[in-house]
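Colleague: Chains A and B are the protein sequences, given in the same order.
With our numbering, letter number 188 in the first sequence gets 203, and the count goes up by one each step, no holes.
With our numbering, letter number 200 in the second sequence gets 794, and the count goes up by one each step, no holes.
Cβ atoms here follow ideal geometry from the backbone N, Cα and C, with glycine treated the same way.
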Amino acid sequence: MAAILEIDNLTTNFYTEYGTVKAVDGVSYYVDEGEIIGLVGESGCGKSVSVLSAMQLIQTPGKIDSGRVIFDGEDILQYDSKGEKMRSIRGGKIAMIFQEPMTSLNPVLSICRQLTEALEIHLDMDIQSARERAIELLSMVGVPEAAVRIDDFPHQFSGGMRQRVMIAMALSCNPALIIADEPTTAVDVTTQAQLLELMNDLVTRLNTSLIIVTHNLGVVARYAQRIYVMYAGRIIESGPSEEIFENPRHPYTIGLMRSIPRLGEKRGGRKLIPIDGMPPDLIFMPPTCAFLPRCTYKTKQCQEEPWPALRQVGEKHRTACFVDIGEKE
Amino acid sequence: MSDAKNDHMVEVQNLKMYFPINRGLLKRHVGDIKAVDDISFFIKNKETLGLVGESGCGKTTTGRCILRLYKPTSGTISFSGTDISHMRDKALKPLRRNMGAIFQDPYSSLNPRQTAGSIISDPLKIHNMASKKEMDEMISELFKMVGLDPRMTDRVPHEFSGGQRQRIGIARALACQPSLVICDEPISALDVSIQAQIINLLEELQEGLGLTYLFIAHDLAVVQHISDRVAVMYLGRIMELTSSEELYENPLHPYTQALLSAIPLPDPKAEKIRQRIVLKGEVPSPANPPPGCHFHPRCELATSDCNVEIPPLRDIGGGHYVACLRV
Ligand SMILES: Nc1ncnc2c1ncn2[C@@H]1O[C@H](COP(=O)(O)OP(=O)(O)OP(=O)(O)O)[C@@H](O)[C@H]1O
Ligand SMILES: Nc1ncnc2c1ncn2[C@@H]1O[C@H](COP(=O)(O)OP(=O)(O)OP(=O)(O)O)[C@@H](O)[C@H]1O
Ligand SMILES: [Mg+2]
Ligand SMILES: [Mg+2]
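Right, here's the structure in full:
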């Protein structure tokens with residue numbers, strides 16, 4: 016299978032008055048045709064910056080300092096960020112869905128206008144056929160009475176409905192890839208289930224690739240085929256979902272799994288084992304592994320050597336840790 | 595849920611909390627937001643009762659009614675056997691000392707200009723619980739109790755991390771040695787890796803101090819972990835209430851079943867074979883809830899009587915309460 020998008024050694028820094036924020040520090044990941052991957056990690060670890068960088072949507076004081084983003088065989092980081100080629104990719108061949116639909120929908124434009132705009136720009140449709148297609152898209156994502164509601168404005172839609180509009184917009188130009196950045200964080204769990212099921216069905220049916228960015232381990236377990244775990248600007252573990260959940264090999268991933276309560280656990284059953292301390296400040300990064308201060312597996316080597324690169328620990332399973340944490344210890 | 599039992603710290607009966615909707619120049623009363631619409635439950639001494647449900651279902655309003663920050667529209671709330679539903683502020687004040695509250699947002703619930711020490715000492719001052727001399731000692735004790743370094747008392751909130759700020763909020767809630775603590779989404783704003791620290795802290799404090807909790811959250815996995823019993827709310831009403839275990843193993847209300855099935859498990863293998871119930875439509879507005887059972891328009895099992903009759907929350911055995919005509 017061919018990778019539809021490949022991010023290679025991407026580095027993005029923010030040059031602020033307090034210092035350089037190493038938001039994304041040599042990150043590589045790929046997504047295959049028709050594949051769903053999950054990018055997980057807690058707040059501030061660089062998930063959004065990595066995908067925004069790939070789309071050249073980073074603004075000053077941020078700067079993409081190195082790396083390649085291969086799409087359709089070309090390094091799209093070489094394209095002019097505001098040029099024709101980049102625009103045809105952004106919102107066209109690669110669509111994005113953001114966390115907060117109210118900020119990504121234009122409040123003064125009708126739902127119809129927001130949907131047809133992309134169709135007219137990217138697919139060269141005329142007004143009438145664009146409107147028909149917009150209604151079709153809206154009903155496809157489960158908005159009842161689409162032909163009527165199409166002329167509403169965003170504020171007339173509920174949070175979940177707006178998120179459906181975002182999905183319709185993302186699908187409108189038949190993208191090869193959708194990047195969904197915390198698409199359901201702001202909605203309730205039953206709405207989240209509705210939206211994720213919808214998205215899952217649609218991308219499977221249309222053979223679209225999907226990158227789900229989230230901090231919810233359950234969401235990636237349910238939908239992603241492969242997972243990348245990020246910590247402090249780097250990918251610290253990657254592999255097929257089942258492998259990562261059954262046999263996590265990085266102390267941070269292991270720590271996360273032990274610290275989350277699971278449905279169905281008895282009161283007073285398993286005691287949660289929290290990860291001590293907190294994530295590092297990305298301005299003052301140590302040369303050693305950034306997880307070291309919180310790690311319970313650390314050895315002398317960890318304190319002396321720089322942050323280790325990802326290494327193979329199984330077929331397609333990689334971890335950025337010196338320590339050999341045995342299977343299911 | 596009849597007579598107040600001796601071991602019930604809180605007893606809520608037929609509680610309604612309506613917020614009036616006023617429109618136009620004359621602010622005419624045109625309707626009500628039925629935030630809490632006839633709920634009954636109790637909280638036993640030293641237990642944790644979890645309250646789950648989706649945004650807007652009335653969890654916070656229920657908590658605020660118990661704290662008597664709202665005057666209920668109707669129904670009664672008893673605290674340690676005393677009916678507080680219509681008590682005046684002056685009479686309430688000594689009782690309030692026995693209730694603490696922890697809020698969701700550790701950022702906005704603390705005054706940014708106040709030092710951590712003074713935030714924690716506020717309730718002590720209000721209730722005259724300590725002399726000036728004792729104060730520093732007590733603050734220091736509270737800091738240690740929630741796992742903060744007492745040398746940090748002079749810092750202001752933004753100098754603390756999210757998890758630390760929530761600890762300050764917990765210390766403030768515990769300052770007056772309350773018996774009941776209303777925890778309203780105490781961990782929702784925290785990072786995943788920090789949440790367990792706070793859950794464990796709350797559990798340890800409960801053990802050590804013999805606290806009673808009302809634990810409000812929308813994350814059912816968290817609620818189940820910490821609660822003895824769980825009440826599931828939907829659009830102002832309790833749909834089901836039973837022990838944590840029973841709720842997971844034998845959910846009876848169709849809404850509870852859908853809620854459980856909507857939660858993705860951090861286990862890909864289990865997810866592959868799991869049956870999913872995806873609800874139709876959206877939660878109706880609490881200003882205009884459907885007649886009969888509030889859940890019936892989205893319910894697979896609903897029949898014609900469900901949109902007429904309001905199902906009572908009844909005990910089907912062993913303290914398992916369900917409000918559904920089809921069960
Ligand atoms: N405009 C900016 N100026 C300075 N620092 C920034 C800027 N945007 C992002 N950062 C920093 O870059 C880091 C990575 O941020 P990013 O938004 O990618 O995190 P994330 O993993 O998406 O987190 P979340 O789960 O909260 O969305 C953070 O430490 C953040 O503070
Ligand atoms: N002071 C108020 N005035 C008017 N309406 C209110 C007030 N407080 C709450 N409401 C409404 O009552 C309903 C219940 O709100 P409540 O805050 O109790 O819900 P919740 O279950 O805590 O939700 P969340 O999970 O979002 O915190 C909502 O529709 C809300 O908009
Ligand atoms: Mg983000
Ligand atoms: Mg609330």
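With 8 Å set as the bound, which would you pick, yes or no: does the beta-carbon of residue 883 of chain B sit closer than that to a beta-carbon of chain A?
Modeller: The residue you call residue 883 of chain B lines up with position 289 of the second sequence. Contact with chain A is absent for residue 883 of chain B, since none of that chain's Cβ atoms lies less than 8 Å from the residue's Cβ.
Colleague: Terminal residues of the continuous alpha helix (DSSP H) containing residue 238 of chain A?
Modeller: Here residue 238 of chain A refers to the residue found at position 223 of the first sequence. 232-238 is the span of the alpha helix (DSSP H), which, as asked, contains residue 238 of chain A.
Colleague: Shortest alpha-carbon distance to residue 901 of chain B belongs to which of B:883, B:628, B:762?
Modeller: The residue you call residue 901 of chain B lines up with position 307 of the second sequence. Among B:883, B:628, B:762, the Cα nearest to that of residue 901 of chain B belongs to B:883.
Colleague: Take the Cβ of residue 131 of chain A as the centre, count every other Cβ of all protein chains shown within 10 Å, and call the residue buried at 16 or more, exposed below.
Modeller: Here the question's residue 131 of chain A lines up with position 116 in the first sequence. Buried, because 16 or more other Cβ atoms sit within 10 Å of the Cβ of residue 131 of chain A.
Colleague: Let me know the secondary structure DSSP gives residue 836 of chain B once reduced to three states.
Modeller: Counting from one through the second sequence, the residue named residue 836 of chain B turns up at place 242. Three-state result, residue 836 of chain B: strand.
Colleague: Does DSSP classify residue 795 of chain B as helix, strand or coil?
Modeller: The sequence position of residue 795 of chain B within the second sequence is 201, counting from 1. It is helical.
Colleague: Within 10 angstroms of the Cβ of residue 51 of chain A, are there 16 or more other Cβ atoms? Answer buried if so, exposed if not.
Modeller: In the first sequence, counting from the first residue as 1, residue 51 of chain A sits at position 36. The residue is buried, with at least 16 neighbouring Cβ atoms inside 10 Å.
Colleague: Distance, Cα to Cα, residue 842 of chain B vs residue 915 of chain B?
Modeller: For the purposes of this step, residue 842 of chain B is taken as the residue at position 248 of the second sequence. For the purposes of this step, residue 915 of chain B is taken as the residue at position 321 of the second sequence. About 14 Å.
Colleague: Could you please give the first and the last residue of the uninterrupted beta strand (DSSP E) stretch that includes residue 21 of chain A?
Modeller: The sequence position of residue 21 of chain A within the first sequence is 6, counting from 1. Unbroken beta strand (DSSP E) run through residue 21 of chain A: 18-31.
Colleague: With H, G and I counted as helix, E and B as strand and the rest as coil, what does DSSP make of residue 756 of chain B?
Modeller: As a working note, residue 756 of chain B is residue 162 in the second sequence. Under the three-state reduction of DSSP output, residue 756 of chain B falls in the helix class.
Colleague: Restricting to runs no shorter than 3 residues, where is the beta strand (DSSP E) found entirely within the segment 109-179 of chain A?
Modeller: 109-112
Colleague: Figure out for me which residue from A:28, A:209, A:58 has the closest Cα to the Cα of residue 853 of chain B.
Modeller: The residue you call residue 853 of chain B lines up with position 259 of the second sequence. Comparing Cα positions, the closest option is A:209.
Colleague: Which stretch, first to last residue, makes up the beta strand (DSSP E) that contains residue 254 of chain A?
Modeller: As a working note, residue 254 of chain A is residue 239 in the first sequence. From DSSP, the beta strand (DSSP E) with residue 254 of chain A extends over 249-255.
Colleague: Can you find a C-beta in chain A that's less than 8 Å from the C-beta of residue 794 of chain B?
Modeller: For this step, residue 794 of chain B is matched to residue 200 along the second sequence. At least one chain A Cβ lies under 8 Å of residue 794 of chain B.
Colleague: Need the endpoints of the beta strand (DSSP E) that residue 85 of chain A sits in, please.
Modeller: Working through the first sequence from its first residue, we reach residue 85 of chain A at position 70. First-last of the beta strand (DSSP E) with residue 85 of chain A: 77-86.
Colleague: On a CA-only basis, which of B:620, B:792, B:758, B:609 is nearest residue 677 of chain B? Give me that one, please.
Modeller: What you label residue 677 of chain B is simply residue 83 of the second sequence in a count that begins at 1. Answer by Cα proximity: B:609.
Colleague: Per DSSP, what kind of secondary structure is residue 34 of chain A in: helix, strand or coil?
Modeller: Sequence index remark: in the first sequence, residue 34 of chain A carries index 19 (1-based). Looking at residue 34 of chain A - three-state DSSP - the assignment turns out to be strand.
Colleague: Counting only beta-carbon separations shorter than 8 Å, does residue 708 of chain B have a partner in chain A?
Modeller: Here the question's residue 708 of chain B lines up with position 114 in the second sequence. Not closer than 8 Å to any Cβ of chain A, the Cβ of residue 708 of chain B fails to qualify, so no.
Colleague: From what residue to what residue does the alpha helix (DSSP H) around residue 716 of chain B run?
Modeller: What you label residue 716 of chain B is simply residue 122 of the second sequence in a count that begins at 1. Run containing residue 716 of chain B: 710-720, per the alpha helix (DSSP H) assignment.
Colleague: How far does the beta strand (DSSP E) with residue 243 of chain A in it extend, from its first residue to its last?
Modeller: Here residue 243 of chain A refers to the residue found at position 228 when the first sequence is read from its first residue. Counting along the chain, the beta strand (DSSP E) containing residue 243 of chain A begins and ends at 241-246.
Colleague: Answer with yes or no whether the minimum CB distance from residue 682 of chain B to chain A is below 8 Å.
Modeller: As a first step, residue 682 of chain B is located in the second sequence; it is residue number 88 there, counting from the start. Cβ-Cβ to chain A under 8 Å: no for residue 682 of chain B.
Colleague: Report the residue from A:211, A:217, A:177 whose alpha carbon sits nearest the alpha carbon of residue 227 of chain A.
Modeller: As a first step, residue 227 of chain A is located in the first sequence; it is residue number 212 there, counting from the start. Looking at the Cα atoms, A:211 is the closest of the given residues.
Colleague: Check the C-beta distance from residue 814 of chain B over to residue 278 of chain A and give it rounded, since I have them as a contact under 8 Å.
Modeller: Numbered from 1 along the second sequence, position 220 holds the residue referred to as residue 814 of chain B. Numbered from 1 along the first sequence, position 263 holds the residue referred to as residue 278 of chain A. Contact flag correct, Cβ pair sits at about 6 Å.
Colleague: Taking 8 Å as the CB-CB limit, is residue 759 of chain B close to chain A?
Modeller: Taking the first residue of the second sequence as position 1, residue 759 of chain B is located at position 165. In terms of beta-carbon proximity, residue 759 of chain B stays away from the interface with chain A, with every pair separated by 8 Å or more.
Colleague: Using a Cβ-Cβ distance under 8 Å, would residue 173 of chain A count as near chain B?
Modeller: As a working mapping, residue 173 of chain A is identified with position 158 in the first sequence. So, interface residue.
Colleague: At a threshold of 7 Å, does residue 916 of chain B count as lining ligand 1 (C-beta to nearest heavy atom)?
Modeller: Taking the second sequence and counting its residues from 1, one reaches residue 916 of chain B at position 322. Because no heavy atom of ligand 1 lies under 7 Å away, the Cβ of residue 916 of chain B does not count as near it: no.
Colleague: Please confirm if residue 164 of chain A has its CB atom under 8 Å from at least one CB of chain B.
Modeller: Taking the first residue of the first sequence as position 1, residue 164 of chain A is located at position 149. No - not a single Cβ of chain B is within 8 Å of the one on residue 164 of chain A.
Colleague: From A:97, A:31, A:181, A:155, pick the residue whose C-alpha is nearest to that of residue 299 of chain A; which is it?
Modeller: Indexing the first sequence from 1 puts residue 299 of chain A at position 284. Out of A:97, A:31, A:181, A:155, A:31 has the C-alpha closest to the C-alpha of residue 299 of chain A.
Colleague: Check this for me: beta carbons of residue 265 of chain A and residue 275 of chain A, under 8 Å apart or not?
Modeller: Position 250 of the first sequence, counted from the first residue, corresponds to residue 265 of chain A. Position 260 of the first sequence, counted from the first residue, corresponds to residue 275 of chain A. No; because the gap between Cβ atoms is not below 8 Å, this pair is not in contact.
Colleague: Go ahead and pull the three-state DSSP assignment for residue 303 of chain A.
Modeller: Looking up residue 303 of chain A in the first sequence gives position 288. Here residue 303 of chain A carries a coil assignment [DSSP, helix/strand/coil].
Colleague: Would you say residue 289 of chain A reaches chain B, if we count a Cβ-Cβ gap shorter than 8 Å as a contact?
Modeller: The sequence position of residue 289 of chain A within the first sequence is 274, counting from 1. Residue 289 of chain A counts as touching chain B.
Colleague: Which chain A residues are close to residue 812 of chain B, counting only those with a beta carbon under 9 Å from its beta carbon?
Modeller: For this step, residue 812 of chain B is matched to residue 218 along the second sequence. Residues of chain A passing the Cβ test: 203, 204.
Colleague: With a CB to CB cut of under 8 Å and the five nearest residues on each side skipped, what residues in its chain are close to residue 828 of chain B?
Modeller: Here the question's residue 828 of chain B lines up with position 234 in the second sequence. Around residue 828 of chain B: 647, 648, 651, 849, 877, 888, 889.
Colleague: Check whether the Cβ of residue 812 of chain B lies closer than 7 Å to any heavy atom of ligand 2, and answer yes or no.
Modeller: For this step, residue 812 of chain B is matched to residue 218 along the second sequence. Yes, the Cβ of residue 812 of chain B comes within 7 Å of a heavy atom of ligand 2.
Colleague: Alpha carbon to alpha carbon, how far is residue 54 of chain A from residue 311 of chain A? Give it in angstroms, no decimals.
Modeller: Start at 1 with the first residue of the first sequence, and residue 311 of chain A comes out as number 296. Start at 1 with the first residue of the first sequence, and residue 54 of chain A comes out as number 39. Each residue's alpha carbon lies about 24 Å from the other.
Colleague: Let me know the secondary structure DSSP gives residue 294 of chain A once reduced to three states.
Modeller: Locating residue 294 of chain A in the first sequence gives position 279, where the first residue counts as 1. Looking at residue 294 of chain A - three-state DSSP - the assignment turns out to be coil, as it is neither helix nor strand.
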